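J.: I have a structure I would like to understand better, so I am pasting it below and will then ask my questions one at a time.
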Amino acid sequence: MVYQYKFEKIMSLREKEKTESQTKYNLAVKEFETEAEKLYRMLKKKEELLDEQAERLRQGLSVQQVRHNLSFLENHEQLIQHYQRRVIETRNKMNFYHQILVEKNMEVKKYEKMKEKDVQAFMEQVNQMENRQMDEISIQQYMSRS
Numbered sequence: 025m026v027y028q029y030k031f032e033k034i035m036s037l038r039e040k041e042k043t044e045s046q047t048k049y050n051l052a053v054k055e056f057e058t059e060a061e062k063l064y065r066m067l068k069k070k071e072e073l074l075d076e077q078a079e080r081l082r083q084g085l086s087v088q089q090v091r092h093n094l095s096f097l098e099n100h101e102q103l104i105q106h107y108q109r110r111v112i113e114t115r116n117k118m119n120f121y122h123q124i125l126v127e128k129n130m131e132v133k134k135y136e137k138m139k140e141k142d143v144q145a146f147m148e149q150v151n152q153m154e155n156r157q158m159d160e161i162s163i164q165q166y167m168s169r170s
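First residue of the sequence shown: 25, per the numbering used here; consecutive thereafter.
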């Protein structure tokens with residue numbers, strides 16, 4: 025008697041969906057990390073620019089240079105805001121794919137648990153059949169001796 029799990033196709037489909045979800049999640053994590061790294065670099069650059077500007081102000085700057093620096097910092101601040109929005113978007117995307125991955129993982133575990141129980145029931149059935157066959161053989165041997 026050969027064991028055949030009745031939900032094997034569904035289980036393999038769920039495992040495939042889980043693998044695809046894992047791939048999408050990993051890509052979303054990488055995208056988030058990339059955007060976060062860009063934001064970090066922009067914030068670091070802003071900090072360096074502010075330090076540099078403070079040093080220049082101590083040394084003395086013309087009004088034109090101060091305006092130029094302020095304009096440059098405003099543009100830099102807009103870039104930072106852009107990257108902050110991108111980080112938020114990619115974090116939300118990453119969390120969304122993580123939630124899907126968790127759901128797919130739970131589905132696969134349910135099917136694995138069902139398969140485990142089905143295998144156990146199959147093995148019990150096989151053992152019962154073997155015991156019946158052994159009983160029949162024992163009865164036949166007993167009858168042939170008598």
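The beta-carbon is built from N, C-alpha and C at its ideal position, and this holds for glycine as well. Predicted, not measured: the structure shown is a model, and the values here were computed from it.
I need the straight-line Cα distance from Tyr107 to Arg80, nearest angstrom please.
T.: Spanning the two alpha carbons is a distance of roughly 28 angstroms.
J.: Between the Cα of Thr114 and the Cα atoms of Val150, Glu32 and Lys48, which residue gives the shortest distance?
T.: It is Lys48.
J.: Within this structure, are the beta carbons of Glu55 and Lys128 separated by less than 8 angstroms?
T.: Cβ atoms of Glu55 and Lys128: not closer than 8 angstroms.
J.: Using only the alpha-carbon positions, how far apart do Arg109 and Glu59 sit?
T.: Cα to Cα, the separation comes out at about 10 angstroms.
J.: Alpha carbons only, please: which of Tyr166, Met66 and Leu94 is nearest the one belonging to Gln77?
T.: Ranking Tyr166, Met66 and Leu94 by Cα distance to Gln77 puts Leu94 first.
J.: According to DSSP, is Ser36 helix, strand or coil?
T.: The answer is helix: DSSP assigns Ser36 an H, G or I state.
J.: Check whether the segment 130 to 143 touches the segment 97 to 106, counting contact only when three or more Cβ pairs, one atom from each stretch, lie closer than 8 angstroms.
T.: Cβ pair count under 8 angstroms is below three, so no.
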